[in-house]
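J.:
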Amino acid sequence: MLGDENEAMSTIPGFNQIQFEGFCRFIDQGLTEELSKFPKIEDTDHEIEFQLFVERYQLVEPLIKERNAVYESLTYSSELYVSAGLIWKTSRDMQEQTILIGNIPLMNSLGTSIVNGIYRIVINQILQSPGIYYRSELDHNGISVKTVSQND
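Counting in UniProt numbering, the sequence shown runs from 1 upward without gaps.
(1) Helix, strand or coil for L2? Go by DSSP, reduced to three states.
(2) For the beta strand (DSSP E) holding T98, just list the boundary residues, first then last.
(3) Ignore the nearest five residues each way along the sequence and tell me which others in G117's own chain have a CB closer than 7 Å to its CB.
(4) Between S144, E137, E66, V60, which has its C-alpha nearest Y81's C-alpha?
(5) Write down every uninterrupted run of the alpha helix (DSSP H) in the region 21–45 whose length is 4 residues or greater and which is fully enclosed by it, in chain order.
(6) Under 7 Å Cβ to Cβ from S136, same chain only, skipping five residues before and after it: list those, please.
(7) With the cut-off set at 8 Å, would you say N103 and S78 are in Cβ contact?
(8) Identify which residue in Q97, H46, Y57, E66 has its Cα closest to the Cα of V109.
(9) Less than 7 Å between C-beta atoms, sequence neighbours within five positions excluded: which residues of the same chain meet that for A8?
(10) Are there 16 or more other CB atoms within 10 angstroms of the CB of L52, so buried, or fewer, so exposed?
(11) Determine the contact status of M94 and F20, defining contact as a CB-CB distance below 8 Å.
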C-alpha cells in the first residue's frame, strides 16, 4: 500500500498505450514529415530531377499473421511504397512510378513489435535523472570541504 506522501502522485498511463499512440502518430504524421526531408536529386547536367511525392504513400497489409511471424522467426512488417517521379526540366515531361522504400515493423495494440520472431518493446525514459555534481572547495580556514549540487 502506498503511504500518504504518495497520494498526490500522478498516474502514469499504461506504457503500451503510450507506445501504441506514438506509433499511430508516426504512421499518420511522422512518416510524411520524415519522407519530406528527402531532397530532390538532380543529374550533373541539371536536366533531370528525381523527386518523392510523399503525400502519396501506401503501407501494404502484411502477408503473414503475427503468430506466424513468431513461429517462423520473421519480422511482422508492412511494405512502404511511395510515388516517385523523374522530371525532365527542358520539356517538363514526367514519368511517375510507385517504388518500394522498405519495410516498417508494425506494432500491435499491446505496444510490441515482432522482429525476427521475437517480441520487442521500446521503453521510454519519461523523466531523465538529473545529474549530481561533486565539488571540492576550501573554507575560510583553508580546510577542504566537499559539496554536492544537483543540476535541474
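Glycine included, each C-beta is placed from N, C-alpha and C at the ideal position. Only a predicted model underlies this, so the values are computations on that prediction, with no experimental measurement involved.
T.: Reading off the structure:
(1) Note that L2 scores a pLDDT of 44, beneath 50, so its modelled location is shaky and nothing firm can be said.
(2) It spans 93–105 - the beta strand (DSSP E) in which T98 sits, taken as one unbroken run.
(3) For G117, same chain residues with a beta-carbon under 7 Å away, outside a window of 5 residues either side, are A69, V70, E72, S73, L74 in chain order.
(4) Residue V60 is the option with its Cα nearest to Y81.
(5) Given a length threshold of 4 residues, each whole run of the alpha helix (DSSP H) inside the region 21–45 is given here in chain order: 31–36.
(6) Same-chain partners within the cutoff: S144, K146.
(7) Cβ distance < 8 Å, so N103 and S78 count as in contact.
(8) Just to set this straight, residue 109 is Ser in the shown sequence, not Val. The residue with the shortest Cα to Cα distance from S109 is E66.
(9) Only weak support exists for where A8 lies, its pLDDT of 46 falling under 50; the coordinates are left without a value.
(10) Flag for L52 reads buried.
(11) It is not a contact, given that the beta carbons lie outside the stated cut-off.
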